[in-house]
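K.L.:
A single structure is presented below for examination.
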Amino acid sequence: MLTEDQKREYWRYNLRLTVILLAIWFVVAYLLAGYFAATLNHISFLGFPFGYYMAAQGSIIIFVIEIALYAKLMNKKDLEYGIQE
Amino acid sequence: MTLRKIFTLYTACFLGVTVLLGIAESAFGLSQRWIGWLFMGLSLGIYIVIGIITRTSNADQYYVAGRNVPAIYNGMATGSDWMSAASFISMAGTLSVQGFSGLAYIMGWTGGYLLLAVLLGPYLRQFGAYTIPDFLGARYEGNAARIIGVVAAITCSFTYLIAQVTGVGLIVSRFIGLDFKIGCFVGLIGVLFCSVLGGMKSVTWTQVAQYIILITSYLVPVVYLSFKLFMVPVPQVMYGKVMQQNSARAIEITADPAEKATRELWKKDADEVAAKLKAADLSYAEKEKLTGAKKKFDGLATAPAKEGAKVANYLEVPKGVKMWNFLALTFCLMVGTAGLPHILTRYYTTPSVREARTSVGWSLFFIALLYITAPAYAAFARNAVFTNLVGSSVDKLPAWVNLWQPAGLFSIVDKLKDGVVQFADFVVTSTDFVVLATPEIAGLPFVITGLVMAGGLAAALSTADGLLLTISNAISHDLYYNVINPKATLTKRLIITKILLVVTALIAAWVATVRLGIIVEMVAWAFSLAAASFFPVLVLGIWWKRANRPGAVAGMLVGFGLTLYYLIGSRFFGVSWFGTNTVACGVFGMPVGFLTTIVVSLMTAPPSQAVMDLVTSVRYPKTGQANKGRVSFGVEG
């Protein structure tokens, strides 16, 4: 069983991770691939205009990496606190 | 045999059969009709066999596949549950016409998985119920929230289901030559065999099998095209070059005098329709028809690039109100994805919270394989139109045009009557030909078209499976068992579920045969409705202990109601807030749903200690009262 302190620490870690991942999600999807895409299109990336690339592929690749990272870090944290199933 | 061995063998057999059919086609002239029948018969046969092998009458197996589906397979099952006929058949086509604006679908339908992964998935798994209304009933203490959940789940799922059945009917009628109506019912047999016999357990393993078919068939034609053009079989990377070529060609076409003359003629048609539209005494049907015609003519009168511009319109990023709509649609699709009950329940089937987290990652990975290929598909198809259609003579059209023109998805109208095909002579009524016709555009044997057909069928059937199960479980488990008759025995519940499955399927097939044009639109609405009704109460239910029953009930009603109001108002009565399109109607309902839940919760008494403890327990795996679903959450309200 976790102590109250451990519970708080664990939850805080989770909160921080969640907020960071959602912040990246927001910046990628709504700013880079959305609002500022027109400006970024002046930059060329792998033969694509960068803004287009971010909306068509870049954002999706980043989402996959984010979820993989989340699963990895949280699963590790569970082991650390001995609350894995 | 391990699962990995079974599915490797299965994939090898599937590819083997495809190759054999290909040989039969080229060496013995196997007819197209036969290839179509064989692909449909074999794939439906496999799904039915899986349904029979995995049949079950155990509640845990039936509702949540025994909660022992490994993360990677659950990911594949979610992938095919998620990717519907719309993703498989329509998305690349939409992109090939809409360009950048169409990418809202690509981002929206993938970005939602991050929300699902960090905000909902693992916690719902830890909670361990059978259905989403189950969670609402337990978390918000009683049947009020549960019943609204049931209604919202059925509304979203049913409209979505009809679209899948329509997709099945279209594929079967086009490739096999059966009547559309019969096609709808034939496809349903495959669905029913799985879901009736083995519920979630059969559906899960069938969906894994269907994923393998759908991804293979999606990748083969476009990989081949990429190899043919560039000697590199990675279309996802190579299409950048194709897009540059397309862009240069679009600018060239814009400046061409014959092309300009053609556009002028379309412009004239558009103006004529506009004048007719001004007449006061038009009936609703006439008005809709004229508006549709005007939109079509306007589209044809639009140049593929602006005069003197450096890039084609295709790549241009929308500005102002269009940008707002782009962002709003992306948002609605993302949040809707994370709120759709048939996807959420998939994470109840993993063995543990750990596996649930990993599984969301696998889900998005498998979905991404198709989604990052779709823009490539679109670019290659556009390239084919630009390079081998535009400028050819009307008497000697490329082979693929002649093959597909009778299907009625596009037509060539020689507007100038100069005998040459201009870009503006290419009148597209439905962009759905893009994925289906690409094998022929690439000059591939018909067997590949058969493969694509099997893939489209798998995509539509797998989604239909998941939706049907969600609907029948919502009625039998949540409404009948938990609300009406909590004393019902398991046998009785399962019999009711199975009867409901058949009845729902028949109703869906019947509605689909009526061919309401509006169904495709309704799919997009389902996302907004799910975003506004489920997402706020699910997220707050997990992340905010203070959220209580009156808050949740009010939040769901207001979110659902406002979205419905804007949806109907903007679609039929000219209501417009910030110029928002109807498809993005959830962009107002969702935040208001959140706000209402919070305000009403704070104004009323906090939830009971038991519920607060329950919320605490879902945050820490293994520590709390989380269960494996054997306890029913029939909290009496």
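Chains U and R, in that order, are what the protein sequence lines are.
Whatever position you read off the first sequence (first residue = 1), add 6 for our numbering.
Whatever position you read off the second sequence (first residue = 1), add 32 for our numbering.
Note that CB positions come from ideal geometry on N, CA and C, so glycine has one too.
Only a predicted model underlies this, so the values are computations on that prediction, with no experimental measurement involved.
1. Against chain R, with Cβ distances strictly below 8 Å, would Tyr76(U) count as a contact?
2. Enumerate in chain order the residues of its own chain whose CB-to-CB distance from Ile186(R) is below 8 Å, with the five nearest sequence positions on each side excluded.
3. So for Ala91(R), helix, strand or coil by DSSP?
4. At least one CB of chain R closer than 8 Å to the CB of Ala29(U): is that the case?
5. Nearest-angstrom Cα distance between Ser128(R) and Leu257(R)?
6. Applying the 10 Å Cβ sphere with the 16-neighbour rule, what's the burial state of Tyr13(R)?
7. Considering just the uninterrupted stretch of the alpha helix (DSSP H) at Val607(R), what are its terminal residues?
8. First and last residue of the beta strand (DSSP E) that includes Ser633(R)?
9. So that I know if they touch, is there some Cβ in chain R lying closer than 8 Å to that of Leu8(U)?
10. Distance cutoff 8 Å, beta carbons only. Does Tyr19(U) sit that close to anything in chain R?
11. Taking the CB atoms as reference points, tell me whether Asn420(R) and Pro430(R) lie closer together than 8 Å.
12. Strictly below 7 Å CB to CB, what residues from chain R border Leu52(U)?
13. Excluding the five sequence neighbours on either side, which residues of its own chain have a C-beta within less than 6 Å of the C-beta of Ala109(R), listed in chain order?
14. Would a C-beta distance cut-off of 8 Å place Ser227(R) and Leu489(R) closer than the cut-off?
15. According to DSSP, is Ile444(R) helix, strand or coil?
16. Candidates Val632(R), Ala177(R), Ile67(R): which alpha carbon is nearest Arg206(R)'s?
17. Can you list, in chain order, the residues of its chain with a C-beta nearer than 7 Å to that of Gly423(R)? Leave out the 5 residues immediately preceding and following it.
18. Determine, using beta carbons only, whether Leu257(R) comes closer than 8 Å to chain U.
19. Report, in whole angstroms, the separation of the C-beta atoms of Leu146(R) and Glu72(U), which I expect to be a contact under 8 Å.
20. Identify the contact partners of Val503(R) in chain U, using a Cβ-Cβ distance below 8 Å as the criterion.
21. By the criterion of Cβ-Cβ separation under 7 Å, what are the contact partners of Asp84(U) in chain R?
22. For the stretch 381–410 of chain R, list every residue whose C-beta sits within 7 Å of some C-beta in chain U, in sequence order.
23. Measure the C-alpha to C-alpha separation of Leu359(R) and Ala616(R) and round it to an integer number of angstroms.
24. Across which residues does DSSP place Ala337(R) in a beta bridge pair?
25. With DSSP as the reference, label Ser425(R) as helix, strand or coil.
26. Val349(R) versus chain U: which residues are under 7 Å apart at the beta carbon?
27. Just confirm the distance between the C-beta atoms of Ala149(R) and Val392(R), as a whole number of angstroms; I'd bet it's less than 8 Å.
28. Taking Cβ positions only, does Arg22(U) come closer than 8 Å to chain R?
29. Using CA coordinates, which residue listed in Ala486(R), Val535(R), Leu538(R), Asp510(R) is at the minimum distance from Arg525(R)?
30. Give the DSSP-derived three-state secondary structure of Ser50(U) in the structure shown.
31. Can you tell me which of Ala537(R), Pro638(R), Thr382(R) puts its alpha carbon nearest to the alpha carbon of Ala161(R)?
32. Any C-beta of chain U within less than 7 Å: which residues of the stretch 126–157 of chain R qualify?
33. Might you give, ordered along the chain, the residues of its own chain that have their beta carbon closer than 7 Å to the beta carbon of Phe455(R), omitting 5 neighbours on each side?
34. So if DSSP puts Pro55(U) in a beta bridge, which residue, or which two residues, is it bridged to?
35. Please go through the same chain and pick out, in chain order, the residues whose beta-carbon is closer than 6 Å to the beta-carbon of Thr595(R), but skip the five residues on each side of it.
36. Can you find a C-beta in chain U that's less than 8 Å from the C-beta of Phe358(R)?
P.N.:
Reading it off the structure:
1. Cβ-Cβ to chain R under 8 Å: yes for Tyr76(U).
2. So the list reads Ile503, Ala506, Ile507, once near-sequence residues are dropped.
3. DSSP places Ala91(R) in helix when its eight states are reduced to three.
4. Judged by the 8 Å Cβ criterion, Ala29(U) is not in contact with chain R.
5. Their backbone Cα atoms lie some 16 Å apart in a straight line.
6. Because chain R is modelled from 33 through 669, residue 13(R) falls outside the range shown and cannot be assessed.
7. In the DSSP assignment, Val607(R) falls outside any alpha helix (DSSP H), carrying neither H nor E.
8. The continuous stretches of beta strand (DSSP E) do not include Ser633(R), which lies in the alpha helix (DSSP H) extending over residues 618–635.
9. By this cut-off, Leu8(U) is an interface position.
10. Not an interface residue.
11. Yes, they are a contact pair.
12. Per Cβ cutoff of 7 Å: Val269, Gly272.
13. Cβ neighbours of Ala109(R) within its own chain (closer than 6 Å, five residues either side excluded): Thr236, Gln239, Val240.
14. Taking 8 Å as the Cβ cut-off, Ser227(R) and Leu489(R) do not qualify as a contacting pair.
15. In the structure shown, Ile444(R) sits in a strand (DSSP, three-state: E or B).
16. Out of Val632(R), Ala177(R), Ile67(R), Ile67(R) has the C-alpha closest to the C-alpha of Arg206(R).
17. Excluding five sequence positions before and after Gly423(R), the CB atoms of its chain that fall closer than 7 Å to its own CB belong to Val452, Val453, given in chain order.
18. Leu257(R) has a beta carbon lying at 8 Å or more from every beta carbon in chain U.
19. Taking the Cβ atoms as the reference, Leu146(R) lies roughly 6 Å from Glu72(U), within the contact range of under 8 Å.
20. Residue 503(R) is actually Ile in this sequence, not Val. Ordered by position in chain U, no residue passes the 8 Å Cβ test against Ile503(R), which lies about 28 Å from the chain.
21. Correct list: Arg386, Pro653.
22. Sequence-ordered contacts of the stretch 381–410 of chain R with chain U read Ser384, Val385, Arg386, Arg389, Thr390, Val392, Gly393, Leu396, Phe397, Ala400, Tyr403, Ile404, Pro407 [C-beta pairs closer than 7 Å].
23. Distance between the alpha carbons of Leu359(R) and Ala616(R): 9 Å.
24. BP columns for Ala337(R) point to Ala344(R).
25. In the structure shown, Ser425(R) sits in a strand (DSSP, three-state: E or B).
26. Chain U residues near Val349(R): Ala43, Ala44, Asn47, Gly57.
27. Yes, they are in contact, since the Cβ atoms of Ala149(R) and Val392(R) sit about 4 Å apart, within 8 Å.
28. No, Arg22(U) does not count as interfacial toward chain R.
29. Here the closest residue by C-alpha is Asp510(R).
30. Strand.
31. Sorting Ala537(R), Pro638(R), Thr382(R) by C-alpha distance to the C-alpha of Ala161(R) places Thr382(R) at the top.
32. Among the residues of the stretch 126–157 of chain R, those with a Cβ less than 7 Å away from any Cβ of chain U are Phe132, Leu135, Ile138, Met139, Thr142, Gly143, Tyr145, Leu146, Ala149, Val150, in the order of the chain.
33. Closer than 7 Å at Cβ, skipping near neighbours: Ile285, Glu291, Pro336, Val422.
34. Under the DSSP definition of a beta bridge, Pro55(U) partners with Ser50(U).
35. In chain order, Ser560, Leu561, Ala564, Cys617, Gly618, Gly621 place their CB closer than 6 Å to the CB of Thr595(R), counting only its own chain and leaving out the 5 sequence neighbours on each side.
36. Phe358(R) counts as touching chain U.
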